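As numbered in our numbering, residues 2 to 176 make up the sequence shown, in order. Here is the structure we will look at, set down as structure tokens.
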Amino acid sequence: MIDAEGFRANVGIVICNNQGQVFWARRFGQHSWQFPQGGVDEGETPEQTMYRELHEEVGLKPEDVEIVASSKHWLRYKLPKRLIRRDSSPVCIGQKQKWFLLKLRCKDEDVDLLHTHHPEFDDWRWVSYWYPVRQVVSFKRDVYRRVMKEFAPFAMPFNRKEPQAKETANWRHRR
């Protein structure tokens, strides 16, 4: 669903573990990492979309997570001009996203990125809470910063204030 301004409705998902780390996934066949996200289908609520995308991209079911918070507003980012498909109708110039903070209630081993015929991700890791803000592709950074600041009070006591110095990942590698 693309609105009159050219923004596609989308949900973003931040999954947190008991140590306050967040789920960080590598896009299939690429070197870019991001949070799970996906477009809202006609007739779906953002929450329904979140559960559908959670299953499609991460292989988890509603009972595997707990919704801790959702963003108060839709957050928007514009795509770089080189990524805009001018030949499509309507033209999508960016995404408007409703975000969800989820707490993982199952085992790490329950994550299954390859359960679908068209996986979005081929690898994932637990990283420190603020790590994604600096590591995501540049055109998404402002949205990531805003959503992580909004969710920080809900993720406590697991996370800490946004670091001033460059933070490194606390890698816990999983496939």
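Glycine residues also receive a C-beta, built at the ideal position from the N, C-alpha and C atoms. In this text, all values refer to a predicted model and were calculated from it rather than measured experimentally.
**Between the CA atoms of Gly40 and Gly7 - distance to the nearest angstrom** = 14 Å
**Prompt:** How many Å lie between Phe101 and Val69 at the Cα?
**Reply:** 8 Å
**Prompt:** From Ala156 to Val15, what distance separates their C-alpha atoms?
**Reply:** 10 Å
**Request:** Please confirm if the segment 116-123 is in contact with the segment 20-36, defined as three or more CB-CB distances below 8 Å between the two stretches.
**Result:** yes
**Asked** Between Lys82 and Cys93, what straight-line distance do the alpha-carbon atoms span, to the nearest angstrom?
**Response** 11 Å
**Asked** Where Val148 and Phe140 are concerned, what is the direct C-alpha to C-alpha distance, given to the nearest angstrom?
**Response** Taking the straight line from one Cα to the other gives about 14 Å.
**Request:** Quick one: measure Cβ to Cβ for Tyr78 and Asp143, integer angstroms, because I've assumed they're closer than 8 Å.
**Result:** 7 Å
**CA-to-CA distance, Gly30 to Gln49, given in whole angstroms** = 27 Å
**Asked** Cα-Cα, which of Gln22, His32 and Glu57 is closest to Gln38?
**Response** Among Gln22, His32 and Glu57, the Cα nearest to that of Gln38 belongs to Glu57.
**Asked** For Tyr130, which option in Glu110, Val12, Asn18 and Gln22 has the closest C-alpha, if you only look at C-alpha atoms?
**Response** Gln22
**Request:** Return the first residue and the last residue of the alpha helix (DSSP H) that Asp124 is part of.
**Result:** Careful: Asp124 lies outside any alpha helix (DSSP H), inside the beta strand (DSSP E) at Phe122 to Val128.
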